[in-house]
Amino acid sequence: MGMTVAQKILARAAGLPSVKVGEVVEPRVDLAMSHENAALVMNQFLEIYKETGLAPRVWDPARIAIILDHRVPAESAKTATNQKRIRGFVKEQGIAKFHDVRADEGGICHQILPEMGYVHPGYVVVGTDSHTTSHGALGALAFGIGATEMAAVWALGSVLNVEVPDTIKVVVKGKLDAQVLPKDVILHLIGRISAEGANFKVLELHGPTIREMSVAGRLTLCNMSVEAGATSGIVPADEETARYLREEAHLAETLEPVVPDADAAYCQTVEIDAAALAPQIACPHTVDNVKPVTEVAGVHVDQIVIGSCTNGRLDDLEVAARTLRGKRVARGTRMLIFPASWRIYRQALQKGYLADLIDAGAVIMNPGCGCCLGVHQGALGDKEVALSTTNRNFKGRMGNPNAEVYLCSPAVAAASALTGAITDPRG
Amino acid sequence: MAKVVLTLGDDVSTDAIYPGRFMATVLPSETPQFCFADLTEFNRALNGKQIAKGSVIVAGNNFGCGSSREQAASTLKGHELVIVAKAFARIFLQNSANLGLRTVICPTLEAKEGDELELSAAEVQNKTSGKRFPIVPLPKARQDVIDAGGLIAYARKRLVERARRA
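Chain order of the listed sequences is Y and L. For what it's worth, the numbering used here labels the leading residue of the first sequence as 26, then goes sequentially. For what it's worth, the numbering used here labels the leading residue of the second sequence as 110, then goes sequentially.
The following block contains the structure:
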């Protein structure tokens, strides 16, 4: 029996000729990513070394990435102190892939890793962030872990006790409507298989629609695969992966793409007809409460958010700028833009997108997680409604349990900004 | 015997267990104060020590979905609560094993607030209703870590073994 992409990557990383679903392996880690929660990882890392008589040294400082993005610039003294401690640890341990709160290197971890070329096809990537699944867009097996699990990775260089997951094959065929975006594909999939439909499983994404999609779009798909519970979402590496890594991430190294065997075994196959898809929307308060946008059109929106690790890339900002150019955000609605990195911010600045958005009344925020997780920058008032291109709409997610969050594509968000109500971008 | 102190439905997210606005608080010694912070009465009862250690939260499918934040496990562990759910989300289940938070997978459980449960390795007995419900064993990859007393102890053992060999 052949192997899926996840099986092949795990077999290689565990030094085994093959692995079976359910087998327990200890894959060595190619890249270990953390953000502000590195403060907790550090604490647990030092705990592991306690009373061992060994000096705490990370297994490989070149394979650890730390990106400050969740609360930047710091919203509180507590966060600022955590970030200060992280800087000290980074220096002491010689961690090179560190991205501080700086416009010449900063951004959201799930954009920094791809654009810096830190993730290669076939890599095992772990991150103390559930949206680490994003990096499957480059043909890697990337999954979220907790802080203590990461502390063990920092100490030992491998993930202890990984059960080889089953894989669901997703095949997407057909041409998307101009106003239907990768975000709509993944929202539709989550709605179909539910928030736990892929729990403990990998989503392997195939089909002509995926092959024609840019890495930016694939990052959106893989980013949200965790919202179906998936351990990881993977787009097997192809020409587009290589183009992105060479042209946009300036990677010179040889790539080793991993593709599934022709007789790989999947636990389930899901087919999506992209041509039949309408713009989708995830209604409060679960990500799998997905409907065609037409069903909730007209709902008043107080705050529109475009950005985040899901939809803060140049393509997304272009959609917003094109829609809002020469027009105004409706009175009674405010609009926040969070570019996914400072590189994207600069590109959007040079292309004039940011000026278009500012002239329309949108507020351009600094790259970072911003209001997505409800910590700072753009909290919602009681009974307010947000329409957002981010990835979660749980009760309280944007800092207020008495508010509602709808999730959509940048096209839906931009069209709705003009009217102040949920609007179908197809007109 | 353990009392059911809270019953919840499906898809309880880590944002519900430990809201994002408290994420700057990371240490297991400090996270328990924000446990289910938006369920204000329950949170007050926990912080007022009105809920006995070993008390049970009963939940539906996909408990702990969403963010990988380990605070969601450490905040519950801090009150020594036991979570009995129909099913758990992967990262939360892993974090629980790593921190020694007791989780029980019981897909058919029927229990309401105030019921007394008896938890064994094979089943949950609802002493109040007299019914018994089978338990699904935890993924085997987690059991080694649990048996070692959590991931810190397990990783420490592995680290020392490696240093000895080198």
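Don't be surprised by glycine CBs; every beta carbon is placed ideally from N, CA and C.
- When the beta-carbon positions are compared, leucine 115 of chain L and phenylalanine 143 of chain L stay at least 8 Å from each other.
- Following the DSSP letters along the chain, one finds aspartate 298 of chain Y in no alpha helix (DSSP H) but inside the beta strand (DSSP E) bounded by residues 293 to 298.
- For the set Y:Thr279, Y:Ile133, Y:Ile170 and Y:Thr104, the Cα lying nearest the Cα of glutamine 203 of chain L is the one of Y:Ile170.
- Straight-line spacing of the CA atoms in threonine 104 of chain Y and arginine 96 of chain Y works out to 7 Å.
- Excluding sequence positions up to five before and after threonine 237 of chain L, its CB lies within less than 6 Å of the CB of Asp224 and Glu225, all in the same chain and listed in chain order.
- The three-state secondary structure of valine 269 of chain L, taken from DSSP, is helix.
- Here the C-alpha atom of arginine 273 of chain L lies approximately 17 Å from the C-alpha atom of alanine 177 of chain Y.
- Within chain Y, no C-beta atom comes less than 7 Å from the C-beta of isoleucine 166 of chain L; the nearest is roughly 17 Å away.
- Here the C-alpha atom of isoleucine 111 of chain Y lies approximately 42 Å from the C-alpha atom of glutamine 293 of chain Y.
- Every beta strand (DSSP E) stretch that sits fully inside the segment 243 to 273 of chain Y and reaches 3 residues is listed by chain position as 257 to 259.
- Cα atoms of leucine 228 of chain L and alanine 277 of chain Y: separation of roughly 57 Å, rounded to the nearest angstrom.
- Inter-residue distance for cysteine 247 of chain Y and leucine 185 of chain L is about 30 Å (C-alpha atoms, whole angstroms).
- Annotation: the continuous beta strand (DSSP E) that includes glycine 169 of chain Y extends over 166 to 169.
- Going by C-alpha positions, glutamate 188 of chain Y is about 8 Å away from lysine 249 of chain L.
- The alpha-carbon separation between threonine 140 of chain L and alanine 172 of chain Y amounts to approximately 14 Å.
- For proline 243 of chain L, the three-state secondary structure derived from DSSP is strand.
- If you ignore the 5 residues before and after leucine 35 of chain Y, its C-beta comes within less than 6 Å of the C-beta of Val44, Val50, Pro52 and Val189, all in its own chain and listed in chain order.
- Taking a Cβ-Cβ threshold of 8 Å, none of the residues of chain Y is close to glutamine 142 of chain L; the smallest such distance is about 14 Å.
- Against chain L, the beta carbon of threonine 256 of chain Y has neighbours under 7 Å at Arg199, listed in chain order.
- Along the segment 42 to 76 of chain Y, going in chain order, the ones with a CB nearer than 7 Å to a CB of chain L are Val49, Asn62, Ala64, Leu65, Asn68, Gln69, Glu72 and Ile73.
- Under the DSSP assignment, glutamine 234 of chain L falls in the beta strand (DSSP E) whose first and last residues are 232 to 235.
- Within chain Y, Ala177, Leu185 and Asn186 have C-beta atoms less than 9 Å from the C-beta of tyrosine 263 of chain L, given in sequence order.
- For isoleucine 170 of chain Y, the residues of chain L that pass the 8 Å Cβ criterion are Ser177, Ile200 and Gln203, in the order they occur in the chain.
- Counting every other CB atom within 10 Å of its CB across the protein chains shown gives glycine 47 of chain Y a total below 16, marking it as exposed.
- When secondary structure is reduced to three states using DSSP, lysine 45 of chain Y falls in the coil class, being assigned neither helix nor strand.
- Those residues of the segment 120 to 144 of chain L placed with their C-beta closer than 8 Å to a C-beta in chain Y are Asp120, Ser122, Asp124, Ala125, Pro128, Gly129, Arg130, Met132, Ala133, Thr134, Val135 and Leu136, ordered along the chain.
- For threonine 173 of chain Y, the enclosing alpha helix (DSSP H) starts and ends at 172 to 181.
- When only Cα atoms are considered, alanine 194 of chain L and arginine 217 of chain Y end up about 23 Å apart.
- Taking threonine 311 of chain Y as reference, the option from L:Ala181, L:Thr217, L:Leu155 and L:Asn171 with the minimal CA-CA separation is L:Asn171.
- Sixteen is the threshold: when 16 or more other Cβ atoms of the shown chains lie within 10 Å of the Cβ of aspartate 120 of chain L, as they do, the residue is buried.
- Residue range 56 to 59 is occupied by the beta strand (DSSP E) that includes serine 59 of chain Y.
- Excluding the 5 residues flanking it on each side, methionine 67 of chain Y has same chain C-beta neighbours closer than 6 Å at Phe114, in chain order.
- The C-beta of alanine 206 of chain L has 16 or more other C-beta atoms within 10 Å across all chains shown, which makes the residue buried.
- Exclusion of the five residues before and after serine 183 of chain L leaves Pro137, Thr140 and Leu208 as the residues of its chain whose Cβ lies within less than 7 Å of its Cβ.
- Taking 8 Å as the cut-off, the beta carbon of histidine 145 of chain Y is found closer than this to the beta carbon of leucine 280 of chain Y.
- Annotation note: the segment 75 to 127 of chain Y contains the following uninterrupted beta strand (DSSP E) runs of length 3 or greater, listed N- to C-terminal: 89 to 92 and 122 to 124.
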